[in-house]
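For reference, the structure discussed in these notes is given below.
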Amino acid sequence: MASRRAVLEAGAAHEDLRGAPALASGIAADLRVMVVGLVLAVAVSSPTWALRTGAVVCACVLVTSLGHLRLRRPDLLVVAFAGLALASTVWTVAPAQTSLGATNTAACAIVFLTVRAVVRRPRDLRVLSISIVGGCLYGLAQLWFQNPLLRAVRLRYDVEAARVGVEGLNYNALAYAFATGAAVLVLLWAAVGPSRRKVAALTGAAVAIAFYVGILLNGTRGAVIAIVLLPIWLVVSHFRPRVAFHGLVGLAVVANIVVFLGIADGALRNDAVASARETGDLNGRLLVWPVARDAIWEQPLLGRGVDSLMTMSVNPVKTAAHNAWLDTAVGLGLVGLALFIAGIWFSLAEAADWPTDRRYVVVGAFVVVSVPIMLTGYWTESPLFWGSLALFSRLGVLDRPPSA
C-alpha cells in the first residue's frame, strides 16, 4: 500500500513539473496578446504612435515569439514588400518623402508579422478583435466629446454638411478605422461560441450603427460606401456563401483594374458632385490619377520610390493618388504591386484553414469593407489595415481545440 502511494505521489509531482512550464507559457502568451491588442487599439486614434512606438513594441513581442514563429507565404511576401520599400530609398526621386513612407511600410510589416505570430488560439483572435473594436469606440467617444456644437446625428451622407473630426487625426483615417472595426465585429461574431453568437450579433449590430453615425460625421465617402455594403454582404452571403464570395472577389478585381487603367474616369467625373465640400473631381483624385498612370510607365519595374508621387512637380494637388494600386505601382513599380496584391491574396487565402463556409462570410466582410477604401483612400501605410489583415488571415485557429 505504501509503495502504491509513493508511486502515485511521484506521478503527481511529475505532472506538476510538466504543468508549471505550460502554465508559464500560457501566461506569457496572454501577455503578448494583450500588449499587441493595446497597440492595435491605440492605432485607431493615434496611427503615428502605432507606426513608431507601437512598431518597436511589436518588434520586441515578435522577438519573444520566435519559438512559435512559422514563416509562411504571406509573411515572406509582406517582408519582401517592406524590403523593396526600404530599398527604394536608394533610387528614389524624393529621398525625404520616400524615407518616411518606407519606414511606415516597414512598421506595418512588423505589426502584420507580430499579429500573425501571437494569434495561436481562438481566444487570441477574440482578444485582438475586441481591442480593435474598443479602439474604435474610444475614437467615437473622442469624436463626440470634442465637438459639442456639432452633435446632430446624421443618418445619410450629406455633401453640404461640415466634417466633424478629432484633433490631430485625419478625417479619412478615423472613418476608415470605423469601417474596418465594423468588419472586425463580424470576425468577433464568428470567434465566439455558438451559445453567445446571437448576443454577439445583436451587440455587434448596435456598435456597427454607432460606427456608421461616426463615419457620417467624418463625411468620408469611401468609408460610407464600405459600411453600407457590409450588411448587404451579410444578407447576400447568408444563402450561398461560397458562390457569393467568389462573385465578390471577381467584382473587387474588376473594380480595381477599371480604376487602375482609367476606364472609369469619365463615368466618375460625370457622377462627381460639386458642392461646398466636394470639388466635382473626387476631391482631386481624378486630377492626380492620370499623373500617377504616366509616372508608372516612366519607371514600370521598381517605381520611383515610396510616396514620391506627392512631390512630383506635375502633380496638381501634391497628394498621394488615394488608390492603393496606383500609389503602390508609382512608388514600387509593377514588382511592388505584385508583392502587395499577392501578400493580401495569400493572407486571406489562409482562412481556408478554418473548414467551414462561415469563413467566406467573415473574409468577405473584410473584402467588402476594404475595397472601397483602397479604391479611393490612402490606407496602404495604415498599421490598423495590416494588423486587421493579419487577424483575418488567422481564422484557421478557430478549428483548434482550446488546449492546442
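What the sequence shown shows, in the numbering used here, is residues 3 to 406, in sequence order. Glycine included, every Cβ here is placed at the ideal spot set by N, Cα and C. Small disclaimer: the values here were computed from a predicted structure and weren't measured.
Of the residues V399, V168, S315 and A225, the one whose Cα lies closest to the Cα of A294 is S315. Sequence-distant partners of E383 (beyond 5 residues in either direction) whose C-beta falls short of 7 Å from its own C-beta, in its chain, are G103, N106, T107 and C110. Distance from the CA atom of T222 to the CA atom of K320, rounded to whole angstroms, is 20 Å. Rounded to the nearest whole angstrom, the CA to CA distance from A208 to W93 is 49 Å. In terms of CA proximity to G398, D359 leads the group D359, V370 and T378. Counting C-beta atoms within 10 angstroms of its own C-beta, I217 has 16 or more neighbours from the protein chains shown and is therefore classed as buried. According to the DSSP assignment, H240 belongs to no alpha helix (DSSP H), since it is labelled neither H nor E.
It is roughly 32 Å from the alpha-carbon of G141 to the alpha-carbon of L289. With contacts defined as CB atoms closer than 8 Å, A246 and V238 qualify as a contacting pair. Look at S131 here: in three-state DSSP terms it is helix. Taking 8 Å as the cut-off, the Cβ atoms of L393 and L190 do not count as close. Excluding five sequence positions before and after D77, the CB atoms of its chain that fall closer than 7 Å to its own CB belong to L115 and R118, given in chain order. By the C-beta criterion, the stretch 326-338 is judged to be in contact with the stretch 369-387, since at least 3 inter-stretch pairs fall below 8 Å.
By the Cβ rule, the stretch 338-348 counts as touching the stretch 78-91, because three or more pairs are nearer than 8 Å. DSSP places W93 in the coil class of the three-state scheme, outside both helix and strand. Counting of Cβ neighbours within 10 angstroms places G252 among the exposed residues, the total staying below 16. A straight line joining the alpha-carbon of F241 with that of R75 spans about 32 Å.
C-alpha of S349 to C-alpha of G56: approximately 22 Å in a straight line.
Under the three-state reduction of DSSP output, Y380 falls in the coil class, being neither helix nor strand.
Spanning the alpha carbons of N317 and G137 requires a straight line of approximately 35 Å. Boundaries of the alpha helix (DSSP H) harbouring L288: R287 to E300, taken from the DSSP string. Its Cα nearest to that of C60, the residue G389 stands out among G389, L303, D401 and L400. According to the DSSP assignment, K200 belongs to the alpha helix (DSSP H) that extends over R199 to N220. Taking every protein chain shown into account, the CB of R198 has fewer than 16 other CB atoms within 10 angstroms, so this residue is exposed.
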